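All residue numbers in the sequence shown are consecutive under the numbering used here, ending with 107.
Below: one structure, written as structure tokens.
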Amino acid sequence: MAMTINIPFELEVKFRIMALNKFGDKKGRLSKGAIEALEEWCNKQN
Numbered sequence: 062m063a064m065t066i067n068i069p070f071e072l073e074v075k076f077r078i079m080a081l082n083k084f085g086d087k088k089g090r091l092s093k094g095a096i097e098a099l100e101e102w103c104n105k106q107n
């Protein structure tokens, strides 16, 4: 399944840097970071 979102530029830059630091320069790092962030946010809401 795919999702397209629009976020502020500053948030995108922070997210890309954090994903690079956590997952390295590997394919899929943005997807992994997004999944982790969304799961954490959803778990906090329940």
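In this text, a Cβ means the ideal position worked out from N, Cα and C, and glycines have one as well.
Bear in mind that the values here come from a model prediction, so they are computed numbers and not experimental data.
Helix, strand or coil for residue i? Go by DSSP, reduced to three states.
i	result
ASN67	coil
ASN107	coil
MET62	coil
GLY154	Beyond the ends of the chain as shown, which are 62 and 107, falls residue 154; an answer cannot be given.
Would a C-beta distance cut-off of 8 Å place residue i and residue j closer than the cut-off?
i	j	result
GLY94	PHE76	yes
LEU91	ALA80	yes
For residue i, I'd like the list of residues in its chain whose CB is within less than 8 Å of its CB, leaving aside the five on either flank, ordered along the chain.
i	result
ILE68	PHE76
With distances taken Cα to Cα, identify the nearest neighbour of residue i among the options.
i	options	result
MET64	LEU99, LYS105, ASN104 and LYS87	LEU99
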